[in-house]
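Heads up: the structure comes next, in structure tokens.
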Amino acid sequence: MKYRAERRRGEVLAAELAAVAPNLLARWRDDVRCVVPVPLHPSRLHERGFNQSSLLARAVGEALERPVREELVRVRVTPAQVGRSRSERWQNVDGAFRWVGAPIDGTVVLVDDVVTTGATISAAAQALAEAGAQSVVVCALARARLD
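Per the working numbering, the very first residue in the sequence shown carries number 1; after that it's consecutive.
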């Protein structure tokens, strides 16, 4: 979806994720203040034409009746994680995110397309915690294994 600019496929997958998100996130729903997508660097967004995580986050936000906030930014270009080892992935995204919006209060749902080692979502969650989030719940379309 993200590498071939298949936005329509992304919209279908976003609808599927939104259909199950309220049940998956029921435990935290009352505490959720907002939904935040994992951002792309502007140069990567220009290459792909859309952010697949934003597409998913908008659908999840609508399903949860919570605002989507896109003030989490990627502050530097990071090479793609594909083909990198576990330790390389963690080093690659260390310090790559910053929150540029008003402070966050409460629980945030962080949305990404695929979680492999957890490096990207951990780095993003760290930035959200520094912005005031009391907890970060991850909602992803898929979980991949790094062999």
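A virtual CB, placed ideally from N, CA and C, is assigned to each residue, including glycine.
Report task. Could you tell me the boundaries of the beta strand (DSSP E) in which THR107 lies? Result -> Stepping through the sequence shown from its first residue, residue 107 is reached at position 107. Here the beta strand (DSSP E) through THR107 covers 107-115.
| field | Top-ranked residue by Cα proximity to ARG74, from VAL68, LEU45 and GLY61 | value | As a working note, residue 74 is residue 74 in the sequence shown. If we check each option's Cα against that of ARG74, LEU45 comes out closest.
Open item on the list: Taking only three categories from DSSP, how would you classify MET1?
Closed with: Residue mapping note: residue 1 aligns to position 1 of the sequence shown, counting from 1. At MET1, the pLDDT of 45 sits below 50, so the modelled position is not reliable; the number obtained from the coordinates is stated separately. If DSSP states are grouped into helix, strand and coil, MET1 belongs with coil.
>> Measuring only the C-alpha atoms, how far is VAL93 from GLY118?
In response: If you number the sequence shown from 1, residue 93 lands on position 93. If you number the sequence shown from 1, residue 118 lands on position 118. Spanning the alpha carbons of VAL93 and GLY118 requires a straight line of approximately 10 Å.
For this session: Taking the CB atoms as reference points, tell me whether VAL35 and VAL68 lie closer together than 7 Å.
Result: Along the sequence shown, one-based indexing puts residue 35 at 35. Along the sequence shown, one-based indexing puts residue 68 at 68. The beta carbons of VAL35 and VAL68 sit closer together than 7 Å.
Margin query: Less than 7 Å between C-beta atoms, sequence neighbours within five positions excluded: which residues of the same chain meet that for LYS2?
Written below: Position 2 of the sequence shown holds residue 2. Unreliable placement is indicated for LYS2, whose pLDDT of 46 sits below 50; no coordinate value is reported for it.
Discussion item. Residues in the same chain with beta-carbon distance under 7 Å from VAL100, minus the five sequence neighbours each way, listed in chain order, please.
Written reply: For this step, residue 100 is matched to residue 100 along the sequence shown. Correct list, in chain order: GLU71 and VAL73.
Margin query: Among ARG76, VAL20 and SER54, whose alpha-carbon lies nearest the alpha-carbon of SER43?
Written below: Here residue 43 is taken as the residue at index 43 of the sequence shown, counted from 1. Among ARG76, VAL20 and SER54, the Cα nearest to that of SER43 is on ARG76.
Checklist line | LEU216: first and last residue of the uninterrupted beta strand (DSSP E) it sits in | finding: With the chain running from 1 to 147 in the structure shown, residue 216 is simply not present.
| said: Helix, strand or coil for ARG143? Go by DSSP, reduced to three states. | reply: What you label residue 143 is simply residue 143 of the sequence shown in a count that begins at 1. In the structure shown, ARG143 sits in a strand (DSSP, three-state: E or B).
Please report the straight-line C-alpha distance between LEU128 and SER135, rounded to a whole angstrom. Along the sequence shown, one-based indexing puts residue 128 at 128. Along the sequence shown, one-based indexing puts residue 135 at 135. Taking the CA atoms as reference points, LEU128 sits about 9 Å from SER135.
| query | By how many angstroms is the C-alpha of ALA125 removed from the C-alpha of ALA57? | reply | Taking the first residue of the sequence shown as 1, we reach residue 57 at position 57. Taking the first residue of the sequence shown as 1, we reach residue 125 at position 125. Straight-line Cα distance between these residues: approximately 15 Å.
For ARG69, three-class secondary structure by DSSP
Here residue 69 corresponds to residue number 69 of the sequence shown, with the count starting at 1. It is coil, neither helix nor strand.
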